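Okay, so here's the structure we're looking at.
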Amino acid sequence: MRLGAFGPRLIARYYASRDLRVTIEGGEHLPRRGPALLACRHFHHLYDGAALIDALPRKPAVMIALDWAKDIWTRRVMELACAMSDWPVVLRADGIEPGASAFSREETFRYVRHGLAHGARLLRSGEVLVVFPEAYPTIDPVATRKEDERSFLPFRGGVLTLVGLAQRNGGPRVPILPVGLSYVREGERWHVTIRLDAPRYFEGRSERGALLADLATRVRALSA
9 MRLGAFGPRL IARYYASRDL RVTIEGGEHL PRRGPALLAC RHFHHLYDGA ALIDALPRKP
69 AVMIALDWAK DIWTRRVMEL ACAMSDWPVV LRADGIEPGA SAFSREETFR YVRHGLAHGA
129 RLLRSGEVLV VFPEAYPTID PVATRKEDER SFLPFRGGVL TLVGLAQRNG GPRVPILPVG
189 LSYVREGERW HVTIRLDAPR YFEGRSERGA LLADLATRVR ALSA
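Every letter in the sequence shown is one number past the one before it in our numbering, and letter 26, counting from 1, is 34.
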């Protein structure tokens, strides 16, 4: 384990102990060893990752989008933190507004390609990786793209592209676990319930659409 991984754990423990009460259902579905990709609901920009890192028995890496960074200082700090933690970084092309992001749209392809390759490497190494296929959270200090706290965005296909890359050329078969997050206010804290479902598997392009729809349906149901 890299020394940098302890930073996210300490931060997750701080926020989880201060702001959250976390319970897990379906934890038996997380493999004890080997790769696993967690396709997770994205509700809170900060607490989702904190709850998962603090509560799961295997501490995951998290794929992070950094296009929200507005200045070069924030960009550099966040890139360094992700590099030290060995977390993949991507950009959302539709999240980059000229003059409002420290990144340019021309950088998107390079970051996405590198981030997917980085995530695939982690999976091939037997790590657990969290991906938020909705791409945007419900509660976000920048701006939300959802109508209300019960809304979901369509799942993006990059989650399956990532698995396909990891499995290419004899790579390990990667279980994809749908993960729901349910948030309930308890005074000043949130009660977060993490629900894991039985794994799905990506066998080829012909089933891409059906599998993506199934993952989205299960994540919504698990988040109720």
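Using N, Cα and C, we set each Cβ at its ideal position, and we do this for glycine too.
Predicted model only: the values in this text are computed from it and were never measured.
So, at 6 Å on beta carbons, what are the nonlocal neighbours of residue i in its own chain, with the 5 sequence-adjacent residues on each side left out?
i: residue 21; result: 62
i: residue 232; result: none
i: residue 96; result: 71, 123, 126, 127
i: residue 104; result: 75, 111, 113
Can you tell me whether residue i is helix, strand or coil according to DSSP?
i: residue 119; result: helix
i: residue 190; result: strand
i: residue 87; result: helix
i: residue 49; result: coil
i: residue 208; result: strand
i: residue 125; result: helix
i: residue 11; result: Model confidence at residue 11 stands at a pLDDT of 46, short of 50, so the residue's coordinates are unreliable; what they give is reported in the following sentence. It is helical.
Taking the beta carbon of residue i as the centre, do at least 16 other beta carbons fall within 10 Å, making it buried, or is it exposed?
i: residue 114; result: exposed
i: residue 109; result: buried
i: residue 55; result: buried
i: residue 226; result: buried
i: residue 117; result: exposed
i: residue 205; result: buried
Quick one: residues in its chain with C-beta nearer than 7 Å to the C-beta of residue i, no 5 flanking neighbours on either side, listed in chain order?
i: residue 51; result: 145, 146, 147, 189, 191
i: residue 68; result: 46, 60, 61, 136, 137, 138
Counting along the chain, where does the beta strand (DSSP E) carrying residue i start and finish?
i: residue 202; result: 197–204
i: residue 32; result: 28–33
i: residue 139; result: 136–139
Skipping 5 residues on each side, what residues in its chain have a beta carbon closer than 8 Å to that of residue i?
i: residue 64; result: 32, 35, 38, 136, 202
i: residue 41; result: 134
i: residue 142; result: 49, 50, 160, 161, 162, 163, 164
For the alpha helix (DSSP H) that contains residue i, what are its first and last residues?
i: residue 230; result: 216–230
i: residue 60; result: 55–63
i: residue 174; result: 166–175
Nearest chain C C-beta to residue i closer than 7 Å, yes or no?
i: residue 45; result: This model lacks chain C altogether; it includes just one protein chain.
Do the region 143–150 and the region 118–127 touch if we need at least three Cβ pairs shorter than 8 Å?
Verdict: no, contact absent.
With three or more beta-carbon pairs closer than 8 Å as the criterion, would you say the region 210–221 touches the region 166–184?
Yes, since at least three Cβ pairs between the region 210–221 and the region 166–184 fall closer than 8 Å, the two stretches touch.
Given 8 Å, three or more beta-carbon pairs between the region 80–90 and the region 51–60
The region 80–90 vs the region 51–60: no contact.
Does the region 29–45 come within contact of the region 195–205, defined as at least 3 CB pairs closer than 8 Å?
Segments in contact, yes.
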